[in-house]
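Below is one structure, written out as structure tokens; the observations come after it.
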Amino acid sequence: MFSKQIALVVDDSSQVRGIVTRILKHDLGFGQVLSATNGKQAFQLFESDNIDWVFCDWEMPVMNGHDLLQALRKHPRGRNIPFVLMTGYADKDTLATAMEAGITDFVAKPFSPSILTQKVRRIAAAIERRAAARITPQGRYPAQIAFACGAVYDAMLEDISATGCLLRTAPLSKGGTVCDVATLTLKLDAKPVTVRSTTIRIALNNNSDNPQQNVLVAFKFDANYAVTNAIKLFITQQQARERDQGSEDLVF
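The sequence shown runs contiguously to residue 276 in the numbering used here.
Okay, structure coming up:
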């Protein structure tokens, strides 16, 4: 689950950094674990590396955990990154401040390896459930389907998740059926994303507003880490737009 992910451990105690690093590598199987002694150093690592998880102390010199968390939540890549607070100050006021700032979860020092691994696995499971939820994008997002047989179709994105998407296209008269492999080019907000996929369902869309594109084709992605992250970022941005739109519609 974590073999392709990078964790960042932030603590001014070398002993704590070493213990947490061993737990993440040996017990959870993280592919890479970086470490920093304070928030400033941690943020520099975050900007230069594709960090997936942050495990951070609260009280540190130079830049503490609270300031680091605020900086991460303002960064486009850090808005939803799992941030696990590791603190010996697990009092009500500290936790209230941390929760308001946006921590994902916390562990109180001293903690056992099993406590940390359980927390991480629970967070990862929740992330997977959210990622699997399909969203209907706001706006029109063109796509292209290129089947291995050579058939190519223009399409429109109907919905998308981190694991697959639904495209509206013309009848697959030139080739393409269920279980066929295709290369999808999805023109999302940023640069086009190309992802290898497998057709899992084809259905007629009688409600289509375009008679030339009245077939719905569902795909399961076979995506690498970078592509999956790009799709997750698009989904997160779409969800944020939907929340912002909902706020604009409120009457006070």
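The beta-carbon is built from N, C-alpha and C at its ideal position, and this holds for glycine as well. Since the model is a prediction, treat every value here as computed from it, not as a measurement.
query: contact_flag[the segment 26-43, the segment 53-66] where n(CB pairs < 8 Å) is 3 or more; result: yes
query: Nearest-angstrom Cα separation, counted from R46 out to G112; result: 20 Å
query: Option nearest K133 by Cα separation, candidates A114, Q142 and K49; result: A114
query: Length of the line joining the Cα atoms of S136 and R153; result: 27 Å
query: Beta-carbon proximity check, G242 vs L210, cutoff 8 Å; result: For clarity, residue 242 is Ala in the given sequence; the question names Gly instead. For A242 and L210, no; Cβs fall outside 8 Å.
query: Alpha-carbon to alpha-carbon, I105 and K256; result: 11 Å
query: Short Cβ contact (8 Å threshold) for D246 with S221; result: yes
query: Contact between the segment 192-205 and the segment 144-153 (3+ Cβ pairs under 8 Å); result: no
query: Cα-Cα separation, K215 to R97; result: 24 Å
query: Assumed close pair F107, C80 - CB separation to whole angstroms, cut-off 8 Å; result: 7 Å
query: Cβ distance (whole Å) where I259 is taken to contact A167 below 8 Å; result: The pair is not a contact, with the Cβ atoms about 15 Å apart (cut-off 8 Å).
query: Nearest-angstrom Cα separation, counted from A120 out to T252; result: 33 Å
query: Close-in-space but distant-in-sequence residues of the same chain around S27 (CB under 8 Å, 5 per side omitted); result: G53, F54 and G55
query: Where Q29 falls, given that 16 or more other Cβ within 10 Å makes a residue buried; result: buried
query: Beta-carbon proximity of I159 to Q261, cut-off 8 Å; result: no
query: Helix, strand or coil at A212 [DSSP, three-state]; result: In the sequence on display, residue 212 carries Leu and not Ala. Coil at L212, not helix or strand.
query: Backbone CA spacing between T193 and G199 [nearest angstrom]; result: 13 Å
query: Helix, strand or coil at I30 according to DSSP, with G and I counted as helix; result: strand
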